[in-house]
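Residue numbering for the sequence shown follows our numbering, beginning at 1 and increasing consecutively.
See structure below.
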Amino acid sequence: MDHPRPVVGVVGAGQLARMCWQAAIGLDIDLRVLAARSDDAAATVLPNPRFGDPADPDALRRFAAACDVLTLDHELVDLATLRALEAEGCVVRPGADALRFAQDKAFQRTSFRTAGLPVPDFVVTDSLAAARAFAADHGWPVVCKRPRGGYDGRGVWIVHDAAELAAVWADIPEGDPVLVEQRVELEREVAVLIARRPGGEHTAAPLIETVQHDGMLRALVVPAPVPAAVAQRALGLATRIVELVGVVGICAIELFWTGGDLLINEIATRPHNSGHWTIDGAVTSQFVNHLRAVLDLPVGSMAATAPAVCSVNVVGGAGAPPPGAGLARALAVPDVAVHLYGKSARPGRKLGHVTAVADDVAAARRRAGEAASALAGEGAVTLAVDGGSGAPEVTAGTAHRRP
Ligand SMILES: Nc1ncnc2c1ncn2[C@@H]1O[C@H](COP(=O)(O)OP(=O)(O)O)[C@@H](O)[C@H]1O
Ligand SMILES: [Mg+2]
């Protein structure tokens, strides 16, 4: 008798769903997406995308009815509907209880602190006076975050004085809570990537350095250049978090390394930009492992397959050509893999990424920086290629272009 192909439904059709589809082909999984628009990155390549608003309970219910497992490429779904679907017997992975952490930074932060996990000092408040008092206690600057709906630094403000704080407050609807936190002096930002099955079996990738620019993740370096004991501590914290949250699938845990302390910033309960290097630089990619985990199949090692791996995002710039225009030049760089998401170029939009593998971090950074610059065009912001052992640096300009 034929073994039925498992049907995995992905809510959302961005680049994460698109890369999940590539992974689904190899496993012969029937992957479907619920797309908001016909030009969504996955909707343009999947044979039969479904369309609907993920915030619309009816659309979500109709989509879920045809799937064995429902999973997500973003957090903007209605939690009450997901809970109702779960109660009706629909398999949602990660489940609504886990997703709540990713949807709401205030809930997440408060839960982690209550569990005794190290987080930056913070207060959740809708009161400007309380935010000012927090800043008076902790010193300026402080960081204000909207608990819901932010990404790539949107909904995050570094606030330097009382006037800036008042300006942020003026833009926030009355009564909406704000997460106000101490600005941490960062030496590096790092991330742990874990794939976890429903029964708790899990596997973690080596510690990843995540390099941000203007609040947006721009580059990744593996292994993260921190002492082994720090990497071990990060893994221990991340393991406690996935158990606490009860994640099924991929979970990315973002951490701040101050040179002395390791603090948890936030988590994502889905494939994440910090794991893009695993497609070309690890034994098992995060997209393959996400599908394996949500289907309760054995998860694979995410160990690196080269001594050094570096990925750089291709981000749209003002007046830049579409990334395809630089494809031949990017592909001329040795040991680089190119991933384009098929999205139209807009400033600040993630259009693709490149991954370079090498024998040392400096070479991986240089190659990934060159290839990403070729794709992003003039004025690109890319990873500095000098050194590779010093503090991470992301620069604007075209210094890394091939002659
Ligand atoms: N408390 C903080 N101290 C220092 N930098 C911060 C702090 N919070 C956020 N940042 C910076 O802003 C980036 C984006 O913040 P984050 O809360 O992760 O929002 P997003 O949801 O956009 O990823 C972080 O990766 C970090 O570079
Ligand atoms: Mg973040």
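Here a beta-carbon is modelled for each residue, glycine too, at the ideal position from N, C-alpha and C.
Inset, instruction - Starting from the Cα of LEU117, find the closest Cα among LEU291, ILE241, PHE287 and give me that residue. - result: One-based indexing of the sequence shown puts residue 117 at position 117. Minimum Cα distance to LEU117 is reached at ILE241.
Inset, instruction - Determine contact between the stretch 292–304 and the stretch 312–323, defined as no fewer than three beta-carbon pairs at a distance below 8 angstroms. - result: no
Legend entry - Sequence-distant residues of the same chain with beta carbon closer than 6 angstroms to ASN273, five excluded per side: In the sequence shown, residue 273 corresponds to position 273, counting from 1. Counting only Cβ-Cβ distances below 6 angstroms, and skipping sequence neighbours, we find LEU217.
Inset, instruction - For VAL7, I'd like the list of residues in its chain whose CB is within less than 6 angstroms of its CB, leaving aside the five on either flank, ordered along the chain. - result: Here residue 7 refers to the residue found at position 7 when the sequence shown is read from its first residue. So the qualifying residues of the chain are ASP30, CYS67, ASP68.
Legend entry - Three-state secondary structure (DSSP) of ARG50: Counting from one through the sequence shown, the residue named residue 50 turns up at place 50. DSSP places ARG50 in strand when its eight states are reduced to three.
Legend entry - Contact with chain B by THR239, beta-carbon distance below 8 angstroms: The structure shown has no chain B; it contains just one protein chain.
Legend entry - Whole-angstrom C-beta distance between ALA195 and THR203, which should lie under 8 angstroms: Counting from 1 along the sequence shown, the entry for residue 203 is found at position 203. Counting from 1 along the sequence shown, the entry for residue 195 is found at position 195. Yes, they are in contact, since the Cβ atoms of THR203 and ALA195 sit about 5 angstroms apart, within 8 angstroms.
Inset, instruction - Taking 8 angstroms as the cut-off, decide whether the C-beta atoms of VAL338 and VAL312 are in contact. - result: The sequence position of residue 338 within the sequence shown is 338, counting from 1. The sequence position of residue 312 within the sequence shown is 312, counting from 1. The answer is no: Cβ separation not under 8 angstroms.
Inset, instruction - Jot down the residue ranges of each uninterrupted beta strand (DSSP E) in the stretch 173–214, minimum 3 residues, whole runs only, in chain order. - result: 178–182, 188–196, 202–204, 208–213
Legend entry - alpha helix (DSSP H) segment containing SER111, residue limits: What you label residue 111 is simply residue 111 of the sequence shown in a count that begins at 1. Taken as a continuous stretch (DSSP letters only), the alpha helix (DSSP H) holding SER111 covers 105–114.
Legend entry - For ARG218, the first and last residue of its enclosing beta strand (DSSP E): Start at 1 with the first residue of the sequence shown, and residue 218 comes out as number 218. Its beta strand (DSSP E) spans residues 216–222.
Legend entry - Straight-line Cα distance separating ASP214 from GLY153: In the sequence shown, the residue the question calls residue 153 occupies position 153. In the sequence shown, the residue the question calls residue 214 occupies position 214. Using only the alpha carbons, I get a separation of about 7 angstroms.
Legend entry - Coarse secondary structure for PRO392, derived from DSSP in three states: On the sequence shown, position 392 is the one that residue 392 refers to. With a pLDDT of 45 at PRO392, under the threshold of 50, the modelled position of this residue cannot be trusted; read the value that follows with caution. Three-state result, PRO392: coil.
Inset, instruction - Would you check if the distance between the CB atom of LEU60 and the CB atom of THR269 is smaller than 8 angstroms? - result: Taking the first residue of the sequence shown as 1, we reach residue 60 at position 60. Taking the first residue of the sequence shown as 1, we reach residue 269 at position 269. In this structure, THR269 does not lie closer than 8 angstroms to LEU60 by Cβ.
Legend entry - Other residues of its chain near ALA166: CB distance less than 7 angstroms, five sequence neighbours each side excluded: The residue given as residue 166 occupies position 166 in the sequence shown. Counting only Cβ-Cβ distances below 7 angstroms, and skipping sequence neighbours, we find LEU128.
Legend entry - Helix, strand or coil at THR71 [DSSP, three-state]: Taking the sequence shown and counting its residues from 1, one reaches residue 71 at position 71. Three-state result, THR71: strand.
Legend entry - Start and end residues, beta strand (DSSP E) containing TRP157: Translated into the one-based positions of the sequence shown, residue 157 becomes position 157. Element bounds for TRP157: 156–159.
Inset, instruction - Return the chain-ordered list of same chain residues with a C-beta closer than 8 angstroms to the C-beta of ASP28, the five sequence neighbours on each side being excluded. - result: Residue 28 sits at position 28 when you count from the first residue of the sequence shown. Closer than 8 angstroms at Cβ, skipping near neighbours: ARG5.
Inset, instruction - Might you give, ordered along the chain, the residues of its own chain that have their beta carbon closer than 6 angstroms to the beta carbon of VAL245, omitting 5 neighbours on each side? - result: Translated into the one-based positions of the sequence shown, residue 245 becomes position 245. If we look at VAL245 and ignore the five residues flanking it on each side, its Cβ neighbours are ALA98, PHE101.
Inset, instruction - Could you pull out every residue in the same chain whose Cβ sits closer than 7 angstroms to the Cβ of ASP176, ignoring the five residues on either side in sequence? - result: Numbered from its first residue, the sequence shown carries residue 176 at position 176. Excluding positions up to five away in sequence, the list reads ASP126.
Inset, instruction - Confirm the yes/no value for this check: CB of ASN265, any heavy atom of ligand 1, distance under 7 angstroms. - result: Here the question's residue 265 lines up with position 265 in the sequence shown. Yes; taking the cut-off as 7 angstroms, the Cβ of ASN265 has a heavy atom of ligand 1 nearer than that.
Inset, instruction - Using the Cα positions of GLY388 and CYS310, report the straight-line distance between them to the nearest angstrom. - result: Mapped onto the sequence shown, residue 388 falls at position 388. Mapped onto the sequence shown, residue 310 falls at position 310. In this prediction, GLY388 scores a pLDDT of 43, lower than 50, which makes its location untrustworthy; the coordinate-derived value is nonetheless stated afterwards. C-alpha separation (whole angstroms): 10 angstroms.
Inset, instruction - Give every residue of the same chain whose Cβ lies closer than 7 angstroms to the Cβ of GLY14, excluding the five residues on either side of it in the sequence, and list them in chain order. - result: The residue you call residue 14 lines up with position 14 of the sequence shown. Here the set comprises ASP40, ALA41, ALA42, ASP73, HIS74.
Inset, instruction - Would you kindly report the start and end of the unbroken alpha helix (DSSP H) that includes CYS90? - result: As a first step, residue 90 must be located in the sequence shown, where it is residue number 90. Counting along the chain, CYS90 falls outside any alpha helix (DSSP H), and DSSP gives it neither H nor E.
Legend entry - Beta-carbon proximity check, PHE256 vs VAL180, cutoff 8 angstroms: For the purposes of this step, residue 256 is taken as the residue at position 256 of the sequence shown. For the purposes of this step, residue 180 is taken as the residue at position 180 of the sequence shown. Contact: no.
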